[in-house]
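All remarks here apply to the structure that follows.
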Amino acid sequence: MIWNVEEYNNITVLCLKGALNGESVTSIQDAVLNQIQEGKRVLLDLAAVPYLSSAAVRFLLSLYRTIRDRNGTMALAGLTDDVSDVLSMTGFLDLFHTYSDRGTALALM
Numbered sequence: 114m115i116w117n118v119e120e121y122n123n124i125t126v127l128c129l130k131g132a133l134n135g136e137s138v139t140s141i142q143d144a145v146l147n148q149i150q151e152g153k154r155v156l157l158d159l160a161a162v163p164y165l166s167s168a169a170v171r172f173l174l175s176l177y178r179t180i181r182d183r184n185g186t187m188a189l190a191g192l193t194d195d196v197s198d199v200l201s202m203t204g205f206l207d208l209f210h211t212y213s214d215r216g217t218a219l220a221l222m
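Residue numbers for the sequence shown follow the working numbering, beginning at 114 and rising by one.
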C-alpha cells in the first residue's frame with residue numbers, strides 16, 4: 114500500500130494505491146487518523162485501490178466517524194466497480210458522498 118496526503122483549497126486529499134487489506138490498514142491507520150483536523154473536508158482518492166477487505170471497510174467507517182466527530186466531511190472518489198460493490202453490499206456506500214474522479218470531487222466539495 115502506497116499513500117500520500119495532499120491539500121487542495123482546504124480539502125485534505127488522501128490518495129491510496131494498492132489493495133486495502135488488514136495488513137495495509139494496520140500500517141497506515143494511525144498516521145492517517147493523525148492527519149485529520151477539526152472541521153476539515155477529506156477526500157479519499159481510491160482510483161488505484163482494486164480491493165477492500167473487511168478490515169478496510171472497518172477502517173473507512175472509523176475514519177468517517179473520526180471526521181464526523183471533528184465536525185468535518187468525508188467523500189470518496191474514483192471507486193472501482195469491485196470497491197463500490199463491497200461498500201454497497203455492506204450498506205456503507207450510502208454514508209459517503211461519492212464522485213467519479215478526484216477532479217470532479219475537488220470541484221464540487
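Cβ coordinates follow ideal geometry from the N, Cα and C atoms, glycine included.
query	result
Apply the 10 Å Cβ neighbour rule to Val118 and answer buried if 16 or more other Cβ atoms are within range, or exposed otherwise.	exposed
To which residues does DSSP link Thr125 through a beta bridge?	Glu120 and Val155
Can you tell which of Ile124, Phe205 and Asp182 has the C-alpha that lies nearest to the C-alpha of Gly216?	Ile124
Val196: which of Glu120, Arg178, Gly185 and Leu173 sits nearest, CA to CA?	Leu173
Looking only at its chain, what residues have a beta carbon closer than 6 Å to the beta carbon of Val199, apart from the 5 residues adjacent to it on each side?	Leu165
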